[in-house]
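**Student:**
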Amino acid sequence: MAATAAARGAASRSPLLLHHHRLPQVPAGGGGSLRVGALGAGRDWRRRVRVRVGVRVFARYSSQSQDFSSRLQDRAGELPKLVEDLLQTSISTGPRGAFRMAQGIQALLGVGGEWLNDFSKTANTSEGIPAQMRLGLLSPLYLRRLFERMGATYIKLGQFIASAPTFFPAEYVEEFQNCFDRAPPVPYSEIESILHEELQRPLDSVYEYIDPVPIASASIAQVHGARLKSSQKDVVIKVLKPGIEDTLVADLNFIYLVARVLEFLSPELERTSLVAIIKDIKESMLEEVDFRKEAVNMEAFQRYIEAMGFDRQAKSPFVYHHCSTKRVLTMERLYGVPLTDLDSIRSLVPDPELTLVTALNVWFGSLISCESFHADVHAGNLWLLRDGRVGFIDFGIVGRISPRTWAAMEIFLASFATEDYNAMASALSEMGATGNDIDVDSFAKDLQKIFSSLQQELDTEIIVAAARSSDATAVSANVVVDERQMNALFLDLVRVSESYGLKFPREFALLMKQLLYFDRYTRLLAPSMNMLRDERINITSNKQTRRMN
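Here the sequence shown is numbered in UniProt numbering, starting from 1 and rising by one per residue.
This is the structure:
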């Protein structure tokens with residue numbers, strides 16, 4: 001997608017792609033050639049026009065061809081390094097690459113068939129061909145379908161696109177919000193085989209039992225409930241699906257090779273940091289399939305909770321290292337309800353608002369006092385536990401924020417709470433600084449237009465379901481989190497900021513997305529509370545974190 005954006009940028013600069021000059025009509029018998037021989041006097045003007053146009057077009061193509069050749073000659077010294085890089089990457093991929101190529105062709109044919117079928121239905125209609133079909137398989141809709149067919153790597157890549165609006169065009173970011181990480185479960189016999197291989201001992205010596213029916217199944221991993229034999233503790237086992245790591249390496253290496261060749265052929269793409277982005281994606285994805293790193297993230301968060309005195313208010317799962325490996329993660333099973341289940345929350349605690357305050361203080365504190373912060377606090381990963389504590393679950397996606405970004409973020413949040421748009425514009429300019437002079441006053445006015453509609457744009461839809469019986473009425477409420485609506489606000493912010501030459505780090509996008517999740521929880525659990533201005537919530541680093549007992 002970065003390559004697509006760069007190609008669009010190139011198109012806007014190229015007169016050949018931008019301007020379509022009307023060429024003179026060539027006579028029917030001429031075959032389109034530019035003949036300079038003897039012509040009738042009546043055709044002399046046509047000859048001169050055709051010659052001038054032909055020379056101009058030829059000169060333009062010739063000039064671009066010479067520029068391209070010149071650029072390649074200038075980069076000839078980098079060719080050995082490119083070849084070496086391509087060879088090393090191909091060797092590390094191994095035979096799996098050929099197998100994935102065959103799967104890719106199959107997926108391409110499948111989605112191509114869908115496009116042709118849809119195209120045939122719309123080609124002859126009065127409305128004409130929809131805009132989303134004109135780019136073929138490169139259109140956001142069909143590219144997203146292709147990614148889903150290609151499996152784990154491309155689903156994760158699609159989710160990266162959805163979370164990185166500073167890197168990719170808005171229409172792709174919006175479409176990839178629908179890139180669902182869902183996959184049929186792997187048969188338990190295969191999961192059992194992986195457990196045997198990883199733990200290197202009889203499973204009945206480790207677990208009292210393992211439920212063969214999975215709790216959840218995603219593209220990369222599958223989760224099963226179990227009980228430990230020694231302590232009789234309930235646990236969940238997260239198991240990497242078979243062949244996933246090889247597939248990831250093969251796919252990511254292929255994407256990397258394409259990016260390297262594109263940057264070599266088109267030096268302008270270096271300004272988009274295409275290879276650097278691919279490297280970042282590769283590192284992030286390979287971390288996600290190494291469960292030892294998720295265990296480290298989980299334990300670091302629990303240490304932070306204990307160090308800050310939050311252990312009576314919050315918790316993350318305990319990791320059982322004796323039955324955890326790179327491909328298997330055994331952790332404490334937490335029991336509770338999502339922060340969107342208002343009826344159940346009221347049955348567990350007298351004040352749901354206090355639960356939200358606790359969750360906010362724990363999360364905000366982790367931004368500055370923990371090695372990493374939880375970067376996926378949707379309702380499935382943020383629970384109220386049966387004992388009244390807030391449970392943070394699933395640390396596969398975490399973020400790390402630089403001191404500079406956090407300093408600007410503090411000012412941004414404070415200015416957002418007070419509606420000081422000039423301060424907000426200054427903070428965003430610092431965060432996405434490009435060295436250019438920014439018209440802060442004009443930027444502030446544009447920001448005000450965006451955030452003045454925040455209340456309407458982020459309205460939470462609350463569904464109340466009443467189940468009447470002879471003796472009671474059970475009422476439950478749930479937040480319908482519309483990912484498109486949440487990201488629309490952020491995309492508006494990015495568009496306006498980019499018009500001033502600003503580019504934000506990805507961690508800013510991660511932070512904003514979590515804040516939008518918390519905004520939804522606030523509207524459900526504490527509708528009268530302003531989470532950025534409430535005195536009980538500590539956001540900035542110069543405040544001492546209060547302990548809530």
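We put the CB at the ideal spot given by N, CA and C, even for glycine. As the structure is a prediction and not an experimental result, all values here were calculated from the model.
Within this structure, are the beta carbons of Lys238 and Val223 separated by less than 9 Å?
**Tutor:** Their beta carbons are under 9 Å apart, which means Lys238 touches Val223 by this criterion.
**Student:** Determine the closest residue to Leu515 out of Gly432, Met308, Phe443, Glu410, with distance taken between C-alpha atoms.
**Tutor:** Cα-wise, what sits closest to Leu515 is Glu410.
**Student:** So, is Glu263 buried or exposed, given that buried needs 16 or more other C-beta atoms within 10 angstroms?
**Tutor:** With 16 or more other Cβ atoms within 10 Å, it is buried.
**Student:** Output the boundary residues of the alpha helix (DSSP H) element that contains Lys233.
**Tutor:** That residue, Lys233, is in no alpha helix (DSSP H); it is neither H nor E in DSSP.
**Student:** Once you ignore the five residues that flank Val111 on each side, which residues in its own chain have a CB closer than 8 Å to its CB?
**Tutor:** Leu137, Tyr142, Arg145, Leu146, Arg149.
**Student:** For Met101, count neighbouring Cβ atoms within 10 angstroms of its own Cβ and tell me buried if that reaches 16, exposed if not.
**Tutor:** Met101 is exposed by the Cβ-count criterion.
**Student:** Among residues of its own chain, excluding the 5 on either side of Ala417, which ones have a beta-carbon nearer than 8 Å to its beta-carbon?
**Tutor:** Asn530, Leu532, Arg533.
**Student:** For Thr122, which residues of its own chain have a beta-carbon under 8 Å away from its beta-carbon, when the five flanking residues on both sides are left out?
**Tutor:** So the list reads Gly128, Ile129, Pro130, Met133, once near-sequence residues are dropped.
**Student:** Note the first and the last residue of the continuous alpha helix (DSSP H) segment covering Pro403.
**Tutor:** Pro403 -> alpha helix (DSSP H) spans 403 to 418.
**Student:** So is residue 550 buried or exposed if we call it buried at 16+ other beta carbons inside 10 Å?
**Tutor:** Residue 550 falls outside the range modelled here, since the chain spans only 1 to 549, and no answer is possible.
**Student:** So, at 6 Å on beta carbons, what are the nonlocal neighbours of Gly399 in its own chain, with the 5 sequence-adjacent residues on each side left out?
**Tutor:** Answer for Gly399: Phe373, Ala375, Glu507, Leu510, listed in chain order.
**Student:** Leaving out five residues before and five after Pro212 in sequence, what residues of the same chain have Cβ atoms less than 7 Å from its Cβ?
**Tutor:** For Pro212, where only same-chain residues beyond five positions count, the Cβ hits under 7 Å are Tyr188.
**Student:** So, are the CB atoms of Gln313 and Val349 less than 9 Å apart?
**Tutor:** No.
**Student:** Following the continuous alpha helix (DSSP H) through Val173, name the residue where it begins and the one where it ends.
**Tutor:** Start and end: 170 to 175.
**Student:** Taking DSSP's pairing of strands, which residues face Lys450 in a bridge?
**Tutor:** Rather than Lys, the amino acid found at residue 450 in this sequence is Ile. Ile450 pairs with nothing; no bridge assigned.
**Student:** Going by beta-carbon coordinates alone, are Phe504 and Gly432 separated by less than 9 Å?
**Tutor:** Cβ atoms of Phe504 and Gly432: closer than 9 Å.
**Student:** Taking the alpha-carbon positions, what's the Ser426 to Val440 distance?
**Tutor:** Straight-line Cα distance between these residues: approximately 6 Å.
**Student:** Excluding the 5 residues preceding and the 5 following Ile537 in the sequence, name in chain order all residues of the same chain whose CB lies nearer than 8 Å to its CB.
**Tutor:** These residues qualify, in order along the chain: Val357, Leu360, Asn361, Phe364, Met531.
**Student:** Please state whether the Cβ-Cβ distance between Ile450 and Leu493 is less than 9 Å.
**Tutor:** A contact, by the Cβ cut-off of 9 Å.
**Student:** Alpha carbon to alpha carbon, how far is Leu491 from Val249? Give it in angstroms, no decimals.
**Tutor:** Going from the Cα of Val249 to the Cα of Leu491 covers about 31 Å.
**Student:** Determine the closest residue to Asp290 out of Tyr500, Ala226, Lys326, with distance taken between C-alpha atoms.
**Tutor:** Nearest of Tyr500, Ala226, Lys326 to Asp290, Cα basis: Lys326.
**Student:** For Gln200, is the classification buried or exposed, using 16 other Cβ atoms within 10 angstroms of its Cβ as the cut-off for buried?
**Tutor:** Its Cβ having fewer than 16 others within 10 Å, Gln200 is exposed.
**Student:** Give the C-beta separation of Ser219 and Ala183 to the nearest angstrom, bearing in mind that I take them to be a contact with Cβ-Cβ under 8 Å.
**Tutor:** Going by Cβ atoms, the distance from Ser219 to Ala183 rounds to 5 Å, so yes, they are a contact pair.
**Student:** So, does the CB of Asp118 fall closer than 9 Å to a CB anywhere in chain D?
**Tutor:** Among the protein chains of the structure shown there is no chain D, as only one such chain exists.
**Student:** Taking Ser217 as the reference, give the member of Lys513, Glu208, Val236, Ala444 with the closest Cα.
**Tutor:** It is Val236 whose Cα lies nearest to the Cα of Ser217.
**Student:** Can you name the residues that DSSP bridges to Ser316?
**Tutor:** According to DSSP, which records beta bridges pairwise, Ser316 is partnered with nothing at all.
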